[in-house]
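Quick notes on the structure that follows.
And the structure:
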């Protein structure tokens with residue numbers, strides 16, 4: 001039986017803004033562009049409306065803005081930086097290539113030949129997140 005160890009998860013939130021800021025700075029995004037992104041994400045608040053009643057406003061500390069044209073790109077940059085740390089670690093061989101993760105939108109699959117290698121991949125993702 002062909003059996004691989006894998007983990008599936010759905011990422012629903014990013015990290016706090018300073019992680020975005022650090023990541024964007026590392027990518028040499030600075031000046032006006034960085035200030036625009038910072039202003040869009042700094043000190044966000046939101047309230048919920050349920051049956052016409054509006055809740056108290058709460059600070060938003062994680063995630064990307066829903067409907068923002070930059071959100072998919074910021075999310076992709078963030079997840080790409082995390083997943084690059086998996087390069088060279090064990091996965092499965094497909095067509096001579098080592099594959100240890102598959103991604104589509106905000107879904108990620110980690111793949112390994114055994115439980116020990118899978119745990120190693122999970123530990124790396126956890127540490128880098």
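In the UniProt record's numbering, the protein residues as written are 1 to 129.
Note that beta-carbon positions come from the ideal geometry of N, C-alpha and C, so glycine has one too.
Computed from a predicted structure; not experimentally measured.
For residue 44, which three-state DSSP category applies? In the structure shown, the three-state DSSP call for residue 44 is coil.
Would you mind stating whether residue 65 and residue 83 have Cβ atoms separated by less than 8 Å? Taking 8 Å as the Cβ cut-off, residue 65 and residue 83 do not qualify as a contacting pair.
Considering residue 71, what are the terminal residues of the alpha helix (DSSP H) in which it resides? First-last of the alpha helix (DSSP H) with residue 71: 71-84.
Quick check on the DSSP output: the alpha helix (DSSP H) that includes residue 124 runs from which residue to which? Annotation: the continuous alpha helix (DSSP H) that includes residue 124 extends over 115-128.
Kindly indicate which residue of 27, 127, 31 and 41 has the alpha-carbon position closest to the one of residue 69. It is 41.
Assuming residue 109 is part of the beta strand (DSSP E), what are its boundary residues? Run containing residue 109: 107-112, per the beta strand (DSSP E) assignment.
Just reading off the beta strand (DSSP E) that residue 101 is part of, what are its end residues? Run containing residue 101: 101-104, per the beta strand (DSSP E) assignment.
Between the alpha carbons of residue 129 and residue 53, how many angstroms are there, rounded? Computed Cα separation, rounded: 36 Å.
Beta carbon of residue 92 nearer than 8 Å to that of residue 115: For residue 92 and residue 115, no; Cβs fall outside 8 Å.
Nearest to residue 86 by CA position, among 76, 117, 106 and 95, is which residue? Nearest option by C-alpha distance: 117.
Residue 100 burial status per 10 Å Cβ neighbour count (16 or more: buried): Buried is the call here.
Under a Cβ-count criterion, where at least 16 other Cβ atoms within 10 Å of its own Cβ denotes burial, should residue 27 be classed as buried or exposed? Residue 27 is exposed by the Cβ-count criterion.
From which residue to which residue does the beta strand (DSSP E) around residue 94 run? Its beta strand (DSSP E) spans residues 92-94.
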